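Some notes on the structure that comes next.
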Amino acid sequence: MNSILVTGGCGFIGTNFVRFLFEKDGENFIVVNVDKLTYAANPENLVDIQERYSKRYFFERADICDFESISRIIDKYDVDTIVHFAAESHVDRSILGPSDFVKTNIVGTFTLLEAVRERFEKGKIIRFHHISTDEVYGSLGKEGYFYESSPYQPRSPYSASKAASDHLVRSYHNTYGLNVTISICSNNYGPYQFPEKLIPLMIVNMLENKELPVYGDGKHIRDWLFVYDHCTAIWEILKKGKVGETYNIGGENEWENIRLVEFLCELVAKKINKEAGSLKKLIKFVKDRPGHDRRYAINCEKIKNELGWRQSVDFETGLDFTVDWYIRNIEWLNKVRSGEYLKWIEINYGYR
Ligand code: NAD
Ligand code: TYD
C-alpha cells in the first residue's frame, strides 16, 4: 500500500480511520481523503493531521457519484488502495428521504467500482475495500447470529441501499475479477460521531437536561463495537484478508437500548456530579421507528480465527472513554449541531 484513498474520511468512522492510519509507525503511504462534506462531515476533525502530515495527507472535496472527479483523483495520487466509507448512514433520515441514500450508497459505490474497473482493464490493480453494515442481514429474533453466509434481508431504505452496494462490489469481483474485500460491522461508538445517533445524542441531551427519546418499548438490541476496534479490523483485512471474501466485525456486546441509556445515565451522572436518578427521569418512551429492526448480533469468528483480530476494550471502558471525549469536546458538539461547520466549509471551499 503506497497510496490509500479513503472515501468519507470526514465522517465518524472515516475520521477515526484516517487518524488511526497516521498513528502507525514505519508506514510511508499517502492518504487521500475524498469527501463531499455533507451535514455529517466535520472537516475540522483532521486539521491537525493536515498540519502534521502535509506531505502524506491530502483532502479532495468530491462526490463519489462524479466519475470524472474520482478518476482524476485516482490518477493524480496513483491510488492503489481504496477504503470506502462514504455513505448516507442514518436510518431515520433514510425513512424521511431515501433519495440521497440511493444516490450515494448505490450509484456512488457503482461509480467508484467503474473507475477501478476502467484502470483494471488497462493493467492497474487497485484493492477495493468496502465497508458495510450488519443491517443488510435484517432483524434477528431472541436467538441466533448473523454469519457471513446469512441471507440478505434489508428492511429500511438505508440497509437496502447498503445491501445493493454490497451486491455490486461482489459482482465486480465475480464478473470482472476486481480485487475486492468487504467488511460488515455492527453499531460503532466512539469519538466524532454525529449527535443524531443513539449514544452521542443521549450524552448531549443529558448534558443539556433534555428528554432522552427511547423508541418503542426500548427492548431493541444492538451489538456495540468500539470504533478503534473497527479500524484495527479493517487494517487486518487490508493486510491479510483474502480477495473476494467478506468478514463480519462485531463487538460481541449486545445491549437493549433502554439498559444502555440507563447505564449511560449512570456514567454521565458520575462525571458531572449529578444523581443518576435525575438523568433517568429524562427518559421518554416515544413512538417507534417504522420497521424498527428488533435485534442485531454479529458472529465474528471468521475474522478472529483467520486473521487473528480481537476487540481491544470492553464496553464499560470504551463507553467511559467516549463519554469523557464528548464532555471534553462540548465545543465540537455545539459546532456540529449549529451548522458552523457548514459555514467553515463555505469559507474554506467556496460552496456548500
Ligand atoms: P457518517 O454519516 O458519519 O459519515 C459519512 C461521510 O461520508 C461524511 O463525511 C459525508 O460527508 C461523506 N459522504 C456522504 N455522501 C458522500 C458522497 N456522495 N461523496 C463523498 N462523500 C460523501 O457515517 P459513518 O457512521 O462514519 O459510516 C461510515 C460507513 O460505515 C458507512 O458506509 C456506513 O454505512 C458504515 N457503517 C456505519 C456504522 C455505524 O455504526 N456508524 C455501522 C455499520 C456500518
Ligand atoms: P441508531 O444510533 O440510529 O443506529 P441504528 O438504527 O443504525 O442501529 O440507533 C440505535 C438504536 O437506538 C436503534 O434501535 C434505534 C434506537 N434509538 C432510540 O431509541 N432513540 C433515538 O433517539 C435514536 C437516535 C435511536
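Numbering (the numbering used here), first residue to last: 1499 to 1850.
Each residue gets a CB set at the ideal place from its N, CA and C atoms; glycine is no exception.
These numbers were taken from a predicted model, which means no experiment stands behind them.
- Considering only THR1513, VAL1532 and ASN1514, the residue with the shortest C-alpha distance to LEU1503 is VAL1532.
- Taking 8 Å as the cut-off, the beta carbon of GLU1760 is found closer than this to the beta carbon of LYS1778.
- The alpha-carbon separation between ALA1539 and GLY1506 amounts to approximately 8 Å.
- Look at LYS1695: its beta carbon is less than 7 Å from one of the heavy atoms in the ligand TYD.
- Excluding five sequence positions before and after CYS1683, the CB atoms of its chain that fall closer than 8 Å to its own CB belong to ILE1629, SER1630, THR1631, ASP1632, LEU1723, HIS1728, ALA1731, ASN1746, ILE1747, GLY1748 and ILE1796, given in chain order.
- Leaving aside the five residues that flank GLU1641 on each side, none in its chain has a CB nearer than 6 Å to its CB.
- Beta-bridge partners of PHE1556 (DSSP): VAL1530.
- At the C-beta level, VAL1834 and GLY1742 stay beyond 8 Å of one another.
- Secondary structure at TRP1830: helix, using DSSP grouped into helix, strand and coil.
- The alpha-carbon of PRO1541 is positioned some 19 Å away from that of TYR1687.
- Residue environment analysis places ILE1828 among the exposed positions, since fewer than 16 neighbouring C-beta atoms fall within 10 angstroms of its C-beta.
- Beta-bridge pairing by DSSP links ILE1781 to LEU1710.
- Inclusion of HIS1790 and GLU1694 in the CB contact set at 8 Å is not warranted, their separation being larger than that value.
- At the C-beta level, LEU1736 and THR1579 come within 8 Å of one another.
- DSSP places ASN1703 in the uninterrupted alpha helix (DSSP H) bounded by 1696-1705.
- Ranked by Cα distance from ARG1808, the first of TYR1690, LYS1708, GLU1734 and PHE1510 is GLU1734.
- Short of 6 Å from the beta carbon of TYR1650, and not among the five residues preceding or following it, lie these beta carbons of its own chain, in chain order: VAL1634 and ALA1661.
- A distance below 8 Å separates the beta carbons of LEU1710 and LEU1780.
- Ranking TYR1645, LEU1666, CYS1563 and ASP1590 by CA distance to the CA of PRO1788 puts ASP1590 first.
- The beta carbons of TYR1726 and ASN1543 sit about 15 Å from each other, so the pair does not count as a contact at 8 Å.
- Linking PHE1813 to GLU1616 through their CA atoms gives a straight-line distance of about 43 Å.
- In this structure, the ligand NAD has no non-hydrogen atom nearer than 7 Å to the beta-carbon of PHE1565.
- Residue state for PHE1644 is assigned as strand, using DSSP reduced to three classes.
- Short note on GLU1549: C-beta not closer than 7 Å to any heavy atom of the ligand NAD.
- When only Cα atoms are considered, SER1569 and ALA1613 end up about 6 Å apart.
- Taking C-beta atoms as the reference points, MET1700 and LEU1765 fail to come closer than 8 Å.
- For ASP1573, the enclosing alpha helix (DSSP H) covers residues 1565-1574.
- Our two residues, GLU1804 and VAL1530, have alpha carbons roughly 29 Å apart in a direct line.
- Check the Cα spacing between VAL1605 and each of ASP1721, ALA1585 and ILE1801: the tightest is with ALA1585.
- Counting only the Cα atoms, SER1669 lies some 26 Å from ASN1500.
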